Amino acid sequence: MKTISIVIPVYNEAQMIQTSIPQILSVLDSALLNRGVESRYAIELIAVDDGSVDQTAAVLLNMQQQEPRLRFVRFTRNFGKEAAILAGLESAVGDAIVVIDGDLQHPPELIAPMVRLWESGIFVVHAVKAQRARESLAQKLFAKAFYAVFKTMSGLDLRGHSDFKLMDRKVVQTLLALPERQRFFRGLISWANFPCAQLPFEVADRPDGSDSKWNRWKLIRYAVDNITSFSSLPLKWVTYLGVFTLLFGIVIGSISLVQKIEGKAMDGFTTVNLLIIIMGGAILLSLGVIGHYLARLYDEVKGRPTYLIQEDMTIKNTTIGLEAKISDAKGE
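Under UniProt numbering, the first residue of the sequence shown carries the number 1, and numbering increases by one thereafter.
Listed below in structure tokens is the structure:
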């Protein structure tokens, strides 16, 4: 019997998961029963609590006692969604693994069509946003700008992509074997370039009417981290900026020298201030870009685990104490 694993990263979703997890299971059970293949697949749900400060962990523990197919991992603190996805993939035992958000903005009804495509030999099924949920104009423009810049720097077109995906076990093993700890899940899946298919979906509003937990600063930091994790082009741009600044300085210097010889020298105070501002801005920008890459390198060299587990209820429903897990390949 094959297993379908459903990975659900959650953060402060104590109210939402009481609705979303039963609904996901109900949709899956109905789809399997309707197809008459319930004996061919076992279902496991792995919820990863990314250091929630509400009652998410208590709710998951209570739900697990009533639903044996539900397992969960709890982090010691908030390590981010990428770490939560990684932990879920490392814990999953399924022949196919689906990553889905726990707020029902990703429709669980799409999982059955994903499974059918996987059965036909597709390794990765991307759920692609045909229409975005309620967002401000600034959020929409930011998303378009991010994907345009990311495509320019990495060559990967992720417009409309989400973390809602189905992956074959081979794809997950390949992903887990990568040595890097700072990961961009949807980018790495596209970079691996396994045979894939796309299914469009419309992003629903959260049932409770609340807004996304991603604020503007988190989105900016997330975008910068993901771009620099996939491309060294910003470092090359620093070189180009330095060359341009040098040429600009040569031109301005030549003009000033000629005017000095002709007795028509420009106002020295204005010229000096202008050059200081331009050169200072270029230098600080260059140092910022280099510093960001050095910080990423420093984080990788330190060798700290991607996340720390406080409770692991994925092995025989037994709580395991504080444990560190490093992103190693999953052995079979």
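Where a beta carbon is used, it is the ideal one built from N, C-alpha and C, also for glycine.
Fair warning: this is a prediction, and the values are worked out from it, not measured in the lab.
* Residue(s) in a DSSP beta bridge with residue 129 -> 201
* Around the C-beta of residue 159, are 16 or more other C-beta atoms found within 10 angstroms, so that it is buried, or is it exposed? -> exposed
* To do: Please list the segments of the beta strand (DSSP E) lying wholly inside the stretch 46 to 79, counting only runs of 3 or more residues, in order along the chain.
  => 70 to 75
* Using DSSP bridges, identify the partner residues of residue 311. => 74
* Ordered along the chain, which non-local residues of its own chain (more than five positions away) have a Cβ less than 6 Å from that of residue 31? -> 112
* Any heavy atom of the ligand ZN closer than 6 Å to the CB of residue 306? -> The model on display carries no ligand, and the ligand ZN is accordingly not part of it.
* Three-state secondary structure (DSSP) of residue 164 -> strand
* Asked: Does the distance from the C-beta atom of residue 94 to that of residue 10 stay below 7 Å?
  -> no
* **Three-way DSSP call (helix, strand, coil) for residue 302 in this model** => Annotated three-state conformation of residue 302 is helix, per DSSP.
* Asked: Is it true that the stretch 1 to 18 meets the stretch 38 to 47, where meeting means three or more beta-carbon pairs spaced less than 8 Å apart?
  -> yes
* If you count every other CB in all the chains shown that lies within 10 Å of the CB of residue 226, and 16 or more means buried, which is it? -> buried
* To do: Return helix, strand or coil for residue 93, following the three-state DSSP convention.
  => coil
* Asked: Do you know offhand how far residue 40's Cα is from residue 79's?
  -> Residue 40 and residue 79 have their alpha carbons spaced roughly 36 Å apart.
* To do: For the beta strand (DSSP E) holding residue 2, just list the boundary residues, first then last.
  => Counting along the chain, the beta strand (DSSP E) containing residue 2 begins and ends at 2 to 10.
* To do: State whether the stretch 165 to 176 contacts the stretch 249 to 267, with contact taken as three or more CB pairs (one from each stretch) at a distance under 8 Å.
  => As far as the Cβ criterion goes, the stretch 165 to 176 does not touch the stretch 249 to 267, which means the pair count is below three.
* Count the other C-beta atoms from every protein chain shown that fall within 10 angstroms of the C-beta of residue 228, then say buried if there are 16 or more, exposed otherwise. => buried
* Simplified DSSP assignment, three categories, for residue 42 -> Residue 42 falls in the strand class under three-state DSSP.
* Asked: Can the beta-carbon of residue 163 be found less than 7 Å from the beta-carbon of residue 181?
  -> no
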